[in-house]
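If you're matching them up, the sequences are chains A and B in order. So in our numbering the end of the first sequence lands on 432, straight run, no missing numbers. So in our numbering the end of the second sequence lands on 864, straight run, no missing numbers.
2 protein chains.
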Amino acid sequence: MTTITGSSVVDLRYPTSKQLDGSDAMNPDPDYSAAYLQLFTSDTDLTGHGFAFAIGRGNDIQAAAIEALAGRLIGRDVDGMCDDPAAVNRELLWDSQLRWFGPDKGIMHMAIGTIMTAVWDLRSRREQRPLWASLLALSPAEVVALVDWTYIGDYLDPGEARELLEQRLPDRASRVASLEAEGIAAYTTTPGWLGYDDDKLVRLCTEAVADGFATIKLKVGADSEEDRRRLALAREAVGPDINIAVDANQFWSVPDAILAIENLQEFDLRWVEEPTHPDDMVGHAEIARAVNPVPIATGEMLASPVMAKQLLQLDAISVLQIDATRMAGVHDLLATMLMAAHAGVDVIPHAGGVGLCEAVQHYAYFHAVALAPEPSRMEIEYVDHLHDQLRVPVRVDNGRYVLPSEPGAGTAFTPETVTEFSFPEGTEWATP
Amino acid sequence: MTTITGSSVVDLRYPTSKQLDGSDAMNPDPDYSAAYLQLFTSDTDLTGHGFAFAIGRGNDIQAAAIEALAGRLIGRDVDGMCDDPAAVNRELLWDSQLRWFGPDKGIMHMAIGTIMTAVWDLRSRREQRPLWASLLALSPAEVVALVDWTYIGDYLDPGEARELLEQRLPDRASRVASLEAEGIAAYTTTPGWLGYDDDKLVRLCTEAVADGFATIKLKVGADSEEDRRRLALAREAVGPDINIAVDANQFWSVPDAILAIENLQEFDLRWVEEPTHPDDMVGHAEIARAVNPVPIATGEMLASPVMAKQLLQLDAISVLQIDATRMAGVHDLLATMLMAAHAGVDVIPHAGGVGLCEAVQHYAYFHAVALAPEPSRMEIEYVDHLHDQLRVPVRVDNGRYVLPSEPGAGTAFTPETVTEFSFPEGTEWATP
Chain A
1 MTTITGSSVV
11 DLRYPTSKQL
21 DGSDAMNPDP
31 DYSAAYLQLF
41 TSDTDLTGHG
51 FAFAIGRGND
61 IQAAAIEALA
71 GRLIGRDVDG
81 MCDDPAAVNR
91 ELLWDSQLRW
101 FGPDKGIMHM
111 AIGTIMTAVW
121 DLRSRREQRP
131 LWASLLALSP
141 AEVVALVDWT
151 YIGDYLDPGE
161 ARELLEQRLP
171 DRASRVASLE
181 AEGIAAYTTT
191 PGWLGYDDDK
201 LVRLCTEAVA
211 DGFATIKLKV
221 GADSEEDRRR
231 LALAREAVGP
241 DINIAVDANQ
251 FWSVPDAILA
261 IENLQEFDLR
271 WVEEPTHPDD
281 MVGHAEIARA
291 VNPVPIATGE
301 MLASPVMAKQ
311 LLQLDAISVL
321 QIDATRMAGV
331 HDLLATMLMA
341 AHAGVDVIPH
351 AGGVGLCEAV
361 QHYAYFHAVA
371 LAPEPSRMEI
381 EYVDHLHDQL
391 RVPVRVDNGR
401 YVLPSEPGAG
411 TAFTPETVTE
421 FSFPEGTEWA
431 TP
Chain B
433 MTTITGSSVV
443 DLRYPTSKQL
453 DGSDAMNPDP
463 DYSAAYLQLF
473 TSDTDLTGHG
483 FAFAIGRGND
493 IQAAAIEALA
503 GRLIGRDVDG
513 MCDDPAAVNR
523 ELLWDSQLRW
533 FGPDKGIMHM
543 AIGTIMTAVW
553 DLRSRREQRP
563 LWASLLALSP
573 AEVVALVDWT
583 YIGDYLDPGE
593 ARELLEQRLP
603 DRASRVASLE
613 AEGIAAYTTT
623 PGWLGYDDDK
633 LVRLCTEAVA
643 DGFATIKLKV
653 GADSEEDRRR
663 LALAREAVGP
673 DINIAVDANQ
683 FWSVPDAILA
693 IENLQEFDLR
703 WVEEPTHPDD
713 MVGHAEIARA
723 VNPVPIATGE
733 MLASPVMAKQ
743 LLQLDAISVL
753 QIDATRMAGV
763 HDLLATMLMA
773 AHAGVDVIPH
783 AGGVGLCEAV
793 QHYAYFHAVA
803 LAPEPSRMEI
813 EYVDHLHDQL
823 RVPVRVDNGR
833 YVLPSEPGAG
843 TAFTPETVTE
853 FSFPEGTEWA
863 TP
């Protein structure tokens, strides 16, 4: 019997604020961070990896929460956990004492997600395939059984979810073949950070087109006229055939969002992302109605399937941007993708930061094969940044994500990054 | 100059699960807990106190989050902080790195609330009056300036909020006189915990009436027929003139809630509390429409004013149950009470646990005097439990909360409780 023998949780922080990479209207100085969990087993060749992404301060608290939960798993049978991950998921999500800290949101919820990601990483490694392939190996009934329907069954019931999965079964082989040949389109946020000057903006836009990206995204929000100026520069640099999306990172109130988006309408935006507070579902619906047909997008801070359900019920978004580490891992994300497919909204995952591209691509592949009404509409965010900190860096070729074949969930960091970027004891931080 | 010189944060846990006090459909075995902060100052007679309530596991993580934030305040000028608490509030809520862990929800948000409560406790102690009196000493313009309107101004703008406060100014003296004479009605949850047998239920119901309570609340949810049986017993015990409310503690899905509430309609319920997931605003609205006119209540797990706003926009509730430690303290609660008054819904605070009665009564008094359309409709939850753990225990006399006159926010625990119930080193836990 293989058992969980121990765990390691480290607070990884990268000094990204020094370069203003990742700066936007709400996050002027992020230090990309990961609270990184390794679950060790009695099989020395088998370790499970998970992480929660953050942007600096507080990552030690996130790490402490993960460590407390990981302690519960010590001594457990790995086969048992991997064969029935829904039992672990349910145990953690419905632990009434932990649930008090949410429910289903914040640090405790992201800690549960980290644990569940590590459990699924173990499962995929045992199966010797990438997480996306482990998910695709499940029957529709097995997928449905992984989801907690308690609070979302009124929008999509398990029977409908199973039918949805079954409907796509005949297409799966051709969809996988297409993904193996062409991957999924990456879109790039690299040119658009607010901290960059005009020359850098234009240069990076031009490079993005040359690199094969079909969509670029610019950060907006702090200054409406400045946003228009930068959008005009970007449009001139990329030409008429490239999609431009914008991201306000929650900067606006609901009425300000409506005004600001109307003011940007001439730029034919692919979507407007995070126009206001991510919990304001009613507000997103109001914005979407007012600026129709400009597509509204959100999701990277969406805490739970219950929140996603309401955005969909209210027709508040056209693009759902799932994130690999915000919800409580695989089970929450399956629930959310099923509801998005039911609603017919585009799933275009959030990524960037550190490790998010590597982790979220697996969900995107599953969605593209098993659920998306039109997989060709899918894209995944991409920032060319810190990928060498992961053991299996994401591969993007000519503007497209390349399907990974390595076993696991894409969540293993290198030993070197732990030595260098552990906070505050790593060589990067301890050295003056 | 008085400065913050240090802090102490302890993980207090009370072994309430042993008696099944506090058991309900979702929380079978709570150990009432408080992550308790003391902010020490260079004036040895002046300490600020705050806490976040929880029910056991994870309280160490909550304490660690509070400790990390408290560290930022060391060395600061107490007068400056107390004169402009909105600056501290804004600094913490809009710290972009911390905000990532919410925004505005979960452990980090409750940690900010604990800090803000301690800052207001300091302010009230300096003013030598209870928090409710400190709040009533503010002009309408000053109250409005304490609120962050960014994401709620579309529902209630600062000008309307000020008018609301100004409208009630002529009534304030008589309202205070009435509160001094009569306090605010307490309602009791003591008889209704699911873990109690019929004899205990009936005995406690009878005692509640004898003790002067006009409303009792029963926990429901797990078994519909059993709920009907217990409600019939309770109604028989209390007679026709006492209000009975029920609390499902989020046990139901939206359709199950509608069925279950229809099944209980004959009992003339004062309200039905937490029918489903607290984040499901759309679901609460659907339930409220379906079971109209049965009043729907929620709030003890409502994370932020943005969430409260949507419940009110959607006409999803008739009773808003503010909690002293769930939101980020005074500023969030002022925002929420202003919106509730604007909507005309009843504010009937959540309390019980440990310290919640002592803390939340101050907000209730402010609301009753400065905002409530009809203060006589107000009640505050009351459980006769653990009050001796606080330095100034709440006083309830003949079913009514008695206005406290002692300085501060009601958030100071006794030194003895720290010695006894600190986890895991306190005498209660360390002794086998």
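Note that the Cβ used here is the ideal one computed from N, Cα and C, for glycine as well.
V670(B) sits away from L444(B), with the two beta carbons spaced by 9 Å or more.
For R289(A), no CB of chain B lies under 9 Å from its own CB, so it is not counted at the interface with that chain. With respect to the 9 Å criterion, V551(B) and L471(B) are classified as neighbours on the basis of their beta carbons. When Cβ-Cβ separations below 9 Å define contact, H331(A) makes no contact with chain B.
Listed along chain B, the residues sitting closer than 9 Å to M301(A) by beta-carbon distance are W532, G534, P535. Distance from the CA atom of G344(A) to the CA atom of L164(A), rounded to whole angstroms, is 11 Å. By the rule that beta-carbons nearer than 9 Å mark a contact, Y196(A) does not touch chain B. Not a single CB atom of chain B sits nearer than 9 Å to the CB of L386(A).
S440(B) is positioned such that its CB atom lies no closer than 9 Å to that of P839(B). Within chain B, the residues placing a beta-carbon under 9 Å from that of A54(A) are Q529, W532, F533, ordered along the chain.
If you look at R270(A), you'll find it in the beta strand (DSSP E) that goes 269–273. Under a criterion of Cβ atoms nearer than 8 Å, the residues of chain A adjacent to A497(B) are, in order, G58, I61, I107. Any Cβ of chain A closer than 9 Å to the Cβ of S440(B) would place that residue at the interface, and such an atom is absent. Membership of I812(B) in the beta strand (DSSP E) is indicated by the continuous run 811–814.
Taking CB atoms only, V402(A) has no neighbour in chain B less than 9 Å away. With contacts defined by Cβ atoms closer than 9 Å, E598(B) and P572(B) form a contacting pair. Pairing I216(A) with Y187(A) gives a Cβ-Cβ distance under 9 Å. Three or more pairs of CB atoms, one per stretch, sit closer than 8 Å, so the region 139–157 of chain A contacts the region 682–702 of chain B.
About 6 Å separates the beta carbon of D247(A) from that of E274(A), a gap short enough to meet the 8 Å contact definition.
Per DSSP, reduced to three states, the secondary structure at Q682(B) is coil, with no helix or strand assignment. D516(B) is classed as exposed because its beta carbon has fewer than 16 other beta carbons within 10 Å across all chains shown. Annotated three-state conformation of Q265(A) is helix, per DSSP. Taking the CA atoms as reference points, H342(A) sits about 47 Å from G503(B). Burial is judged here by how many other beta carbons sit within 10 angstroms of a residue's own beta carbon; L601(B) has fewer than 16 and is exposed. Residue range 647–651 is occupied by the beta strand (DSSP E) that includes L650(B).
Within 7 Å of the CB of P28(A), the CB atoms of chain B belong to S528, in sequence order along the chain. Rounded to the nearest angstrom, the Cβ distance from L338(A) to V147(A) is 7 Å, consistent with a contact under 8 Å.
The residues A497, L530, F533, G534, in chain order, have a CB closer than 7 Å to that of M540(B) in the same chain once the five nearest residues on each side in sequence are set aside. As the crow flies, the alpha-carbon of L390(A) is around 17 Å from that of F423(A).
Taking 8 Å as the upper bound for CB-CB distance, L766(B) and V575(B) are in contact here, some 6 Å apart. Under the Cβ criterion of 9 Å, H277(A) is counted among the residues facing chain B.
Every alpha helix (DSSP H) of 4 residues or more that sits fully in the region 330–395 of chain A is shown, in chain order, as 330–343, 356–370.
Neighbours of T621(B) in chain A, taken as residues at a C-beta separation under 7 Å, are lacking, since the least C-beta distance is about 17 Å. Counting C-beta pairs closer than 8 Å gives three or more between the region 274–288 of chain A and the region 736–755 of chain B, which meets the contact rule. In the structure shown, S449(B) falls within a helical segment according to DSSP collapsed to helix, strand and coil. Per the coordinates, the alpha-carbon of L701(B) lies some 12 Å from the alpha-carbon of A664(B).
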